[in-house]
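Going by my numbering, the letters in the sequence shown line up with residues 2 to 225, in that order. Backbone N, C-alpha and C define an ideal beta-carbon position, used for all residues, glycine too.
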Amino acid sequence: TGGFGALTLNVGVVKVPDARLDHLAEIFKPKKVVYADVTYVDLPAPPASSEGHVGTEELPAEHLARLRESDAMLHVVRSFDDPSLPHPSGSVDPARDLEQLDLEFILADLAMVDRRLERLGAGRHGTPAERESNEREEVILRGLKTSLEAGHPIRDAGLSDDDAKAVRGFRFLTEKPVLVLLNVGERDLGTAPALTSGIEAAYRHQHAMVDHLSARIEMELGEL
């Protein structure tokens with residue numbers, strides 16, 4: 002997910018070089034070598050939730066679908082100060098912005114869990130096998146509801162493989178692995194490792210990593 006701004010969806014596809022594939026190609030001499038690719042979908046942060054509505058559900062349907070269909074999240078967190086680009090919240094605070102987006106995703110998953118539990122509780126019809134499946138699903142979802150209400154993402158819930166498979170169709174946002182990238186300024190590269198270590202120490206979640214880069218420098222290198 003990208004930063005704040007207009008609700009613009011940008012898609013980029015990057016080929017992934019693989020020395021192992023090159024070695025195999027030298028051996029077998031195929032007519033064509035096809036590298037794996039990664040599709041990046043750049044989205045702004047969702048609107049903030051308020052009483053009565055969930056912020057992510059205010060996103061265009063295509064944007065929310067892209068979020069749910071993704072295999073992992075890449076959260077670029079602003080960590081540079083630039084007076085010409087004022088931060089919407091009035092100050093630069095990567096820990097706060099990271100917490101806010103996590104909260105929006107937790108609320109989105111909680112809303113989905115609540116809706117499904119309501120439907121499961123509305124009726125106990127179907128075959129014995131279907132009722133048994135629904136009862137098992139309800140037990141799993143009630144456990145997730147407790148975790149989400151406590152502010153914990155689903156990736157920390159320790160679901161077994163069977164339980165994770167049972168709720169895979171929901172495509173929960175907080176179940177996905179996440180890479181947090183702190184976008185630092187060029188002048189801050191010297192202190193960036195300490196900032197990264199501090200955020201990482203506080204961000205104790207499963208299937209999560211924290212790193213840093215300077216997007217401006219990377220852009221300039223790309224232009225060169």
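Please determine whether the Cβ atom of residue i lies at a distance below 7 Å from any heavy atom of the ligand NAP.
i          : result
residue 67 : The ligand NAP is absent from the structure shown, which contains no ligand whatsoever.
Secondary structure at residue i, three-state DSSP: helix, strand or coil?
i           : result
residue 79  : strand
residue 212 : strand
residue 10  : coil
residue 125 : coil
residue 220 : helix
residue 183 : strand
residue 114 : helix
residue 64  : helix
residue 51  : strand
residue 166 : helix
residue 146 : helix
residue 40  : strand
residue 34  : coil
residue 16  : strand
Beta-carbon within less than 8 Å of residue i's beta-carbon, same chain only, minus the 5 sequence neighbours each way: which residues are those?
i           : result
residue 22  : 34, 36
residue 113 : 171, 173
residue 155 : 110, 145, 148, 149, 173, 175, 176
residue 70  : 172
residue 90  : 97, 98
Can you find the residues in the same chain that come closer than 6 Å, C-beta to C-beta, to residue i, ignoring five residues on each side of it along the sequence?
i           : result
residue 1   : Past the edges of the chain, shown from 2 to 225, lies residue 1, and the structure says nothing about it.
residue 82  : 93
residue 63  : none
residue 164 : 141
residue 126 : none
residue 201 : 211
Counting only the same chain and skipping the five closest in sequence on each side, list residues whose C-beta sits under 7 Å from that of residue i.
i           : result
residue 216 : 184
residue 1   : The structure shown does not extend to residue 1, since the chain spans only 2 to 225, so no value can be given for it.
residue 162 : none
residue 18  : 36
To the nearest angstrom, report how far apart residue i and residue j are at their CA atoms.
i           : j           : result
residue 39  : residue 12  : 10 Å
residue 41  : residue 182 : 14 Å
residue 100 : residue 178 : 16 Å
residue 196 : residue 78  : 12 Å
residue 135 : residue 160 : 17 Å
residue 2   : residue 74  : Summary for residue 2: the model assigns pLDDT 45, below 50, so the residue's position carries little reliability; its value from the coordinates is reported in the next sentence. The alpha-carbon atoms of residue 2 and residue 74 are separated by roughly 7 Å.
residue 24  : residue 16  : 17 Å
residue 169 : residue 97  : 29 Å
residue 225 : residue 167 : 49 Å
residue 206 : residue 198 : 14 Å
residue 27  : residue 130 : 53 Å
residue 84  : residue 123 : 54 Å
residue 6   : residue 204 : Unreliable positioning characterises residue 6 in this predicted model, as indicated by a pLDDT of 45, which lies under 50. The coordinate reading is nonetheless provided below. Straight-line Cα distance between these residues: approximately 25 Å.
residue 31  : residue 65  : 40 Å
residue 186 : residue 86  : 12 Å
Under 8 Å by Cβ, that's how I've got residue i and residue j pegged, so tell me the actual separation to the nearest angstrom.
i           : j           : result
residue 59  : residue 45  : Their Cβ separation, rounded to whole angstroms, is 12 Å, which puts residue 59 and residue 45 out of contact at 8 Å.
residue 180 : residue 212 : 7 Å
residue 80  : residue 95  : 5 Å
residue 67  : residue 121 : Going by Cβ atoms, the distance from residue 67 to residue 121 rounds to 27 Å, so no, they are not a contact pair.
residue 295 : residue 76  : Outside the shown range of the chain (2 to 225) lies residue 295, about which nothing can therefore be said.
Give a yes or no on contact between the segment 133-141 and the segment 109-122, applying the rule of three or more CB pairs nearer than 8 Å. Touching, per the Cβ criterion.
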